[in-house]
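Here is the structure we will look at, set down as structure tokens.
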Amino acid sequence: MEPGTLVYDPRLSRVGEYQARQGPYVLLRPVGGGREWEADPTRIRPATPEERLSAGVRAANDRSTGRRVFRYVPYSITQDASAEPEYEARCVSGEESDCGATSGPCSAPEDVEEWQRRHTQETRHTRYRRSFADYAVLAPV
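Letter 8 of the sequence shown, counting from 1, is numbered 8 in full-length UniProt numbering, and no numbers are missing.
Dropping the structure here:
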């Protein structure tokens, strides 16, 4: 086994980094550092991905200086149906500098396109930067 390999010690229900073999035991160190402990080499096994992740989060919590606690939680991200998205365009045409005229926030892309048509008719400007903004909601899976 290579030094640094993450293994699970069932005697302590703990994940550790394999350090070396010492007599009839192996030396393991907590993930993120700390005091080594001896484990029976016949009982340890490679840590599962979930055990490795949990040990990494625990090490991050131990390093933290405040009262923050980090936990891995999978989330899904969806558009907030209770909030209207916003569309906007800004004219970036001009000889030496941008025109800078804006449509202002609109609730539909068609409104922005209509503003662009009118602005082009009035000024002959044809280059716009368009923006879209919405609100997102994260929910645990």
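C-beta atoms are modelled at their ideal positions from N, C-alpha and C, and glycine is treated no differently.
- Curious, which full-length alpha helix (DSSP H) runs of at least 4 residues does the region 17-61 contain? DSSP runs (the alpha helix (DSSP H)) wholly in the region 17-61: none.
- Buried or exposed: which applies to Asp62, given that a residue is buried once 16 or more other Cβ atoms fall within 10 Å of its Cβ? Exposed.
- Query: According to DSSP, is Thr102 helix, strand or coil?
  - Reply: The answer is strand: DSSP assigns Thr102 an E or B state.
- Task: With DSSP as the reference, label Val112 as helix, strand or coil.
- Result: In the three-state DSSP reduction, Val112 falls in the helix class (H, G or I).
- Query: Glu2: which of Gly16, Pro10 and Ala60 sits nearest, CA to CA?
  - Reply: For Glu2, the closest of Gly16, Pro10 and Ala60 by C-alpha to C-alpha distance is Gly16.
- Item | Three or more C-beta pairs below 8 Å linking the region 46-58 and the region 103-115 | Here the region 46-58 does not lie against the region 103-115, with fewer than 3 beta-carbon pairs under 8 Å apart.
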